[in-house]
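Okay, structure first, notes after.
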Amino acid sequence: MKKSSLPFSREIEARNGSLVELRRDFHKHAELSFQEHRTAAVIAERIAAAGLEVRTGIAGPGVVGVLHGDKPGRTVAWRADIDALPISEAVQLPFASVNEGVMHACGHDGHTAIAITLAEILAERRADLPGTVVFIFQPGEEVVSGAKPMIEAGVLDDPPVECVLGLHLSARDPVGQVIVRPGPSMASADFFDVEIKGSGGHGAFPHLSVDPITVAAHILIGMQDLITREISAQETAVLTVGQVESGNKHNIIPDTAYLRGTIRTFRQEVRDQLVERLGSFASRIAQAYRAEARLHLTGEYCPPVDNDVDQTERVRQGAVAEFGEEAVTEGVPIMGSDDMSLFLKERPGCYFRVGAGFPGEVITHHQAHFRIDEAGLAVGLRLAMRSVLDALQP
Ligand code: NI
Numbered sequence: 033m034k035k036s037s038l039p040f041s042r043e044i045e046a047r048n049g050s051l052v053e054l055r056r057d058f059h060k061h062a063e064l065s066f067q068e069h070r071t072a073a074v075i076a077e078r079i080a081a082a083g084l085e086v087r088t089g090i091a092g093p094g095v096v097g098v099l100h101g102d103k104p105g106r107t108v109a110w111r112a113d114i115d116a117l118p119i120s121e122a123v124q125l126p127f128a129s130v131n132e133g134v135m136h137a138c139g140h141d142g143h144t145a146i147a148i149t150l151a152e153i154l155a156e157r158r159a160d161l162p163g164t165v166v167f168i169f170q171p172g173e174e175v176v177s178g179a180k181p182m183i184e185a186g187v188l189d190d191p192p193v194e195c196v197l198g199l200h201l202s203a204r205d206p207v208g209q210v211i212v213r214p215g216p217s218m219a220s221a222d223f224f225d226v227e228i229k230g231s232g233g234h235g236a237f238p239h240l241s242v243d244p245i246t247v248a249a250h251i252l253i254g255m256q257d258l259i260t261r262e263i264s265a266q267e268t269a270v271l272t273v274g275q276v277e278s279g280n281k282h283n284i285i286p287d288t289a290y291l292r293g294t295i296r297t298f299r300q301e302v303r304d305q306l307v308e309r310l311g312s313f314a315s316r317i318a319q320a321y322r323a324e325a326r327l328h329l330t331g332e333y334c335p336p337v338d339n340d341v342d343q344t345e346r347v348r349q350g351a352v353a354e355f356g357e358e359a360v361t362e363g364v365p366i367m368g369s370d371d372m373s374l375f376l377k378e379r380p381g382c383y384f385r386v387g388a389g390f391p392g393e394v395i396t397h398h399q400a401h402f403r404i405d406e407a408g409l410a411v412g413l414r415l416a417m418r419s420v421l422d423a424l425q426p
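Counting from 33, one number per residue, gives the positions in the sequence shown under the working numbering.
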């Protein structure tokens, strides 16, 4: 890889070992959304020791650290998410999660370690640092509900943040590749329950019941036609049911059935159309079978990640200067979601991806075999540093 042109490149190299070690520590002590108490304590301790002004207990275990440089400049936020997932780790690692059934299967352990290390290096060099950096350590990204309460708590207002930056490690892209995409780059997310009410009875006498499982099956199969027959072929949308729940015995027809799923799109109009049509489609299919169905949206709507064009161009130029033209791509928009989008709705900014995948390995995030190539951490730290320093320039 190209040699770094950063003013603090020696510090980055010197800290590579401790960066990896810190990531492994978070990996070993993975914590679920809004239960990131140990994680938050480690973050607060480290950045307080580095000399940042630290605020804890924001939106639960959220932490904010403010670093004032000695030179004049802008105010930039760096956001990292800190939570893990309810997955039992299937990779054999010396630093595997000690919390049974909880695993960092999305790389947020790396995001947290990178942000802390970035804060430590910049704090050490604050005499040369222009402006102010606000480090936002956000809980509850995996349930897309940590960003909103942090914003409501004023993390972008005190001090007034002008630009928000952040990164996501990617096991699907090789180390050395970075993806910097202007405009919509990650999909919106909604979570829904379709509740189907029939009337239960003996499995041998279905004619005396209204079977909600049959209704659920028809809704489940039919709903995909809303994508193929009702959404324009030029648009992008995904409708996935990840949980079907009903009944408890072979020969009893239950009263109710539930389909639980998610909707992903890139445009509010498409999302609104799908929500409206899924609700009326489910209810009319149910009616045809003498049952009732209702659509409930659970949780908040998470908008698409929309990167500001100018901020993104500056990050891209920084990435090209740091890693070379061939290392930087625009990639394609992905259907994954991230509530970084809420910060980006409040302030212009850029959320970019950093390759941390092993060559030839196809691994998706959010699964028990997820792993990252730790060489991607240093790449992430370099681009984090570069993009923050560039954004701070007055
Ligand atoms: Ni993630």
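The C-beta atom is built at its ideal place from N, Cα and C for all residues, glycine as well.
Asked, Found
"In whole angstroms, what separates the C-alpha of V347 from that of P162?", "17 Å"
"Is the beta carbon of A137 less than 8 Å from the beta carbon of H397?", "yes"
"Measure the beta-carbon distance from S373 to V337 and round it to whole angstroms, keeping in mind my assumption that it falls under 8 Å.", "4 Å"
"Would you mind sorting V166 into buried or exposed? The rule is 16 or more other CB atoms within 10 Å of its CB.", "buried"
"Any idea if A46 is buried or exposed, counting beta-carbon neighbours within 10 angstroms, 16 or more meaning buried?", "exposed"
"Are the CB atoms of M218 and G94 nearer to each other than 8 Å?", "no"
"Restricting to runs no shorter than 4 residues, where is the alpha helix (DSSP H) found entirely within the segment 311 to 380?", "341 to 355, 372 to 378"
"Look up R106 in the DSSP assignment and say whether it is helix, strand or coil.", "strand"
"Kindly examine the ligand NI and report whether one of its heavy atoms sits closer than 7 Å to the Cβ of H397.", "yes"
"For the candidate residues R78, H69, Q209, whose alpha-carbon lies nearest to that of G172?", "H69"
"Considering only residues of the same chain and omitting the five flanking positions on each side of L351, which have a CB-CB separation below 6 Å?", "Looking at the sequence provided, one finds Ala at residue 351 rather than Leu. Here the set comprises V210, V212, V360, L415."
"Can you check the segment 238 to 310 for any alpha helix (DSSP H) of at least 4 residues that lies completely inside it and give the ranges in chain order?", "244 to 254"
"Please state if the CB of I284 and the CB of G235 are separated by a distance shorter than 8 Å.", "yes"
"Okay, do the segment 192 to 199 and the segment 381 to 398 touch, 3+ Cβ pairs below 8 Å being the bar?", "yes"
"Comparing C-alpha positions only, which one of E132, I148, V52, A325 sits nearest to A73?", "I148"
"Can you tell me where the alpha helix (DSSP H) holding M417 begins and where it ends?", "407 to 424"
"Could you check which residue in R261, V96, K34 has the C-alpha nearest to that of A269?", "R261"
"Verify the contact flag: E173, CB atom, against every heavy atom of the ligand FAD, threshold strictly below 7 Å.", "No copy of the ligand FAD appears in this structure; the ligands present are the ligand NI."
"I believe V193 touches I90 by the beta-carbon criterion, under 8 Å. Please report the beta-carbon distance rounded to the nearest angstrom.", "Rounded, the Cβ-Cβ distance is 14 Å, inconsistent with contact."
"Kindly examine the ligand NI and report whether one of its heavy atoms sits closer than 7 Å to the Cβ of H59.", "no"
"Would you call the segment 100 to 108 and the segment 125 to 142 in contact, with 3 or more CB pairs under 8 Å?", "no"
"Start and end of the alpha helix (DSSP H) containing F58?", "48 to 60"
"Looking at S231 and P335, is the spacing between their C-beta atoms short of 8 Å?", "no"
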